[in-house]
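Some notes on the structure that comes next.
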Amino acid sequence: MFEKILKKNRVLIVLLIFFIIRLIWGTVLNLTDDEAYYWMWSNHLGISYYDHPPMIAYFIKIFTLIFGNNNFAVRLPANIGILIVSLLIYKISIYLFYDKKRAFWSVILFNIIPLFALAGIMSLPDTPLLIFYTLSLYIFIKIIKEKKEKYWYLLGIVVGLGLISKYNMFMVYPAIFFYLIFDKEERFWFTKKEVYLGFVLSLLLFLPVIIWNIQHDFISFSFHLVERQKKVYKFRPYLFSQFLFGQIAIVSPIIFVGLFKESIKNFNKKYVKLLIFYALPLVAIFTISSFSNPSKVHWLATAYIPLLIVYTHSVNLRKKSFNIGWKTALGLSLIIYIHLIYPILPIPEKDDITTDMYGWDKVGKIVQNMYTDKNNWFIFGSRYQTASQLYFYLPNKDYVYSLNKKIEQFDFLQNEKNLIGKNGIFIAHSFYNDDPRGIYDFDKVKLIKTIDIKRKNKVYRTFYIYKCYNYKGLK
Numbered sequence: 000m001f002e003k004i005l006k007k008n009r010v011l012i013v014l015l016i017f018f019i020i021r022l023i024w025g026t027v028l029n030l031t032d033d034e035a036y037y038w039m040w041s042n043h044l045g046i047s048y049y050d051h052p053p054m055i056a057y058f059i060k061i062f063t064l065i066f067g068n069n070n071f072a073v074r075l076p077a078n079i080g081i082l083i084v085s086l087l088i089y090k091i092s093i094y095l096f097y098d099k100k101r102a103f104w105s106v107i108l109f110n111i112i113p114l115f116a117l118a119g120i121m122s123l124p125d126t127p128l129l130i131f132y133t134l135s136l137y138i139f140i141k142i143i144k145e146k147k148e149k150y151w152y153l154l155g156i157v158v159g160l161g162l163i164s165k166y167n168m169f170m171v172y173p174a175i176f177f178y179l180i181f182d183k184e185e186r187f188w189f190t191k192k193e194v195y196l197g198f199v200l201s202l203l204l205f206l207p208v209i210i211w212n213i214q215h216d217f218i219s220f221s222f223h224l225v226e227r228q229k230k231v232y233k234f235r236p237y238l239f240s241q242f243l244f245g246q247i248a249i250v251s252p253i254i255f256v257g258l259f260k261e262s263i264k265n266f267n268k269k270y271v272k273l274l275i276f277y278a279l280p281l282v283a284i285f286t287i288s289s290f291s292n293p294s295k296v297h298w299l300a301t302a303y304i305p306l307l308i309v310y311t312h313s314v315n316l317r318k319k320s321f322n323i324g325w326k327t328a329l330g331l332s333l334i335i336y337i338h339l340i341y342p343i344l345p346i347p348e349k350d351d352i353t354t355d356m357y358g359w360d361k362v363g364k365i366v367q368n369m370y371t372d373k374n375n376w377f378i379f380g381s382r383y384q385t386a387s388q389l390y391f392y393l394p395n396k397d398y399v400y401s402l403n404k405k406i407e408q409f410d411f412l413q414n415e416k417n418l419i420g421k422n423g424i425f426i427a428h429s430f431y432n433d434d435p436r437g438i439y440d441f442d443k444v445k446l447i448k449t450i451d452i453k454r455k456n457k458v459y460r461t462f463y464i465y466k467c468y469n470y471k472g473l474k
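For the sequence shown, numbering that gives the first Met the number 0 begins at 0 and goes up steadily by one.
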């Protein structure tokens, strides 16, 4: 009887195991710099933000209201998000191909691939994006299979929610458009009003982000469309190599090759074609961009979801290469998870970015004890990363200023002129090693404390705390 229960509920049991593991890691480790930044957003809710649309801030706010401002609460959206996406992947695979074993493997691969193993313990804009992208895929598949016009309204709502999660969701539009164009049997949808009303509905949900950009001279749109692409005409193929090897590493080599091999081989199958079209615009635009601009490894995350379903549907599960492939992916994820807790990878201490998740709670308590005169003193850093982390880990959650010449969300919340004449407590660390004397104009700057952060009995990072007197502005 016990074996029967295990077999019947093996998907839920496996997902529960993954969920608990992510919960432990997410609670023990300090936030990453970006997570602390998005928590800062949640403390200052708005209809949009400079870097991204607002959904991740709303997600974090909901859970911190329930569970408090702690690592567990901030990261719970990511963990639950991966759980929801896993269930949607299983549902899509069963709905399309009626094979529980292959659907089970699609869920397993999704959870053990390093990219998504990490996504489950980090609350980023990709957290809601993954949910709404996968849900939109499921709804679009239902539209194609069941031919029900009313689903277009539901699709419009979900796409709109994806748009206020991350701009990458815009790639769903060309995915749907080109699939309907290239599949003769589906072109009739262009004569249906529901298609266009669903599209309008999605844009209405995105309207707050448009309004925010109008109020701020389209600064967020400009950042993504102009600033990040300003070198678009300079051909730099070595950047593509970095992009490609980054994707291979974060997905794992055999599975990465298998995704595209099986997609090409089975492209002409009806529902396989639909899945590939849903991934194609994102793959195409970031691949093209990678020849001239630096890219981040997680930008293709959503595209791998339909490709994973194609892969597990098409690949020979008994083949040795598949067996080696999933074990390699699991091994890589385990190595990364172990390294997060106990460094085992041969990365120089000063260059190990996983140390971002260490030391801030300790530093926050020390700085809080120094911050006794709030009328005449302020706390600040030279980067949003430093300011956000300190803001989160100060026990009293006092505001921390980020003072620099770059544009970031802090600039929309603070007025630097109000600090003129005050004294500041400045925090930096060895990864960036910013010296306030070269950045700001003070009468006097004094280094008063250094704090070494050790992992495996080695100093991985050193924090520097300065007291700075009579702020006069940026140099």
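The beta-carbon is built from N, C-alpha and C at its ideal position, and this holds for glycine as well.
Inset, instruction - Check I496 in the structure and name its three-state DSSP category. - result: Residue numbering for the chain in the displayed model covers 0 to 474; residue 496 lies beyond these limits and cannot be assessed.
Inset, instruction - Could you check the C-alpha separation between K268 and W38 for me, to the nearest Å? - result: 44 Å
Inset, instruction - Tell me, to the nearest whole angstrom, how far the beta carbon of F94 is from that of F411; I am working on the premise that it is less than 8 Å. - result: Note on residue identity: the sequence assigns Tyr, not Phe, to residue 94. That pair is no contact at about 43 Å.
Inset, instruction - From the DSSP output, in three-state form, read off S401 for me. - result: strand
Inset, instruction - Please name the residue, chosen from G155, I138 and L162, that lies closest to I200 on a Cα-to-Cα basis. - result: The residue you asked about is not Ile; residue 200 is Leu in the sequence shown. Of the listed residues, the one whose Cα sits closest to L200 is G155.
Inset, instruction - Return helix, strand or coil for D351, following the three-state DSSP convention. - result: coil
Legend entry - Close beta carbons around K455, own chain, < 8 Å, minus the five adjacent residues each side: Y341 and P342
Inset, instruction - Give a yes or no on whether the C-beta atoms belonging to P345 and S251 are separated by under 8 Å. - result: no
Inset, instruction - Compute the Euclidean distance between the alpha carbons of G197 and K260, then round it to the nearest angstrom. - result: 34 Å
Inset, instruction - Indicate whether at least one CB of chain B lies closer than 8 Å to the CB of V73. - result: Although the question refers to chain B, the structure presented lacks it and comprises just one protein chain.
Inset, instruction - Give the DSSP bridge partners of I426, in chain order. - result: I464
Legend entry - Beta-bridge partners of I378, as assigned by DSSP: V399 and I424
Legend entry - Proximity winner among V194, I464 and E34, relative to Q367 (alpha-carbon distances): I464
Inset, instruction - Scan the region 160–222 and note each continuous beta strand (DSSP E) run of 3 residues or more that stays entirely inside, going in chain order. - result: none
Inset, instruction - Go ahead and pull the three-state DSSP assignment for L44. - result: coil
Legend entry - Residues that V458 bridges to, as DSSP identifies them: K453
Legend entry - A262 to A300 span [Cα, whole Å]: Residue identity differs from the one stated: residue 262 is Ser in this sequence, not Ala. So the alpha carbons of these two residues sit roughly 17 Å apart.
Legend entry - Beta-carbon gap between L88 and F103 smaller than 8 Å: First, the residue type needs correcting, since residue 88 is Ile and not Leu in the sequence shown. Result no, Cβ atoms of I88 and F103 do not sit closer than 8 Å.
Legend entry - Among H312, I284, V157 and F66, nearest to D98 - alpha-carbon criterion: H312
Legend entry - Beta-carbon proximity list for F220, same chain, < 6 Å, skipping 5 on both sides: N212
Inset, instruction - State yes or no: is the C-beta of N167 nearer than 7 Å to some heavy atom of the ligand FAD? - result: Absent from the structure shown: the ligand FAD. Ligands present: none.
Legend entry - M356 and T126 closer than 8 Å at C-beta: no
Inset, instruction - Measuring alpha carbon to alpha carbon, tell me which of K319, R460, V309 and F242 ends up nearest A427. - result: R460
Inset, instruction - Name the one or two DSSP bridge partners that V444 has. - result: C467
Inset, instruction - Kindly confirm or deny that the region 58–68 and the region 420–437 touch, where touching means at least three C-beta pairs closer than 8 Å. - result: no
Legend entry - Anticipated Cβ contact below 8 Å, I55 with S122, distance rounded: 6 Å
Inset, instruction - Per DSSP, which residues does L473 bridge with? Please list them. - result: Y439
Legend entry - Inter-stretch contact at 8 Å, needing at least 3 Cβ pairs: the region 74–86 / the region 129–137: yes
Legend entry - Residue of P52, K326 and P293 minimising C-alpha distance to P124: P52
Inset, instruction - Alpha carbon to alpha carbon, how far is P293 from G159? Give it in angstroms, no decimals. - result: 28 Å
Inset, instruction - Please list the segments of the alpha helix (DSSP H) lying wholly inside the region 4–32, counting only runs of 4 or more residues, in order along the chain. - result: 9–27
Legend entry - Cβ pair I247, S320 closer than 8 Å: no
Legend entry - Simplified DSSP assignment, three categories, for D410: helix
Inset, instruction - For M0, name the three-state secondary structure that DSSP assigns. - result: Confidence at M0 is low in this model, with a pLDDT of 48, below 50, so its placement is unreliable and the value that follows should be read with caution. If DSSP states are grouped into helix, strand and coil, M0 belongs with coil.
Legend entry - Rounded C-alpha distance that separates D360 from I452: 11 Å
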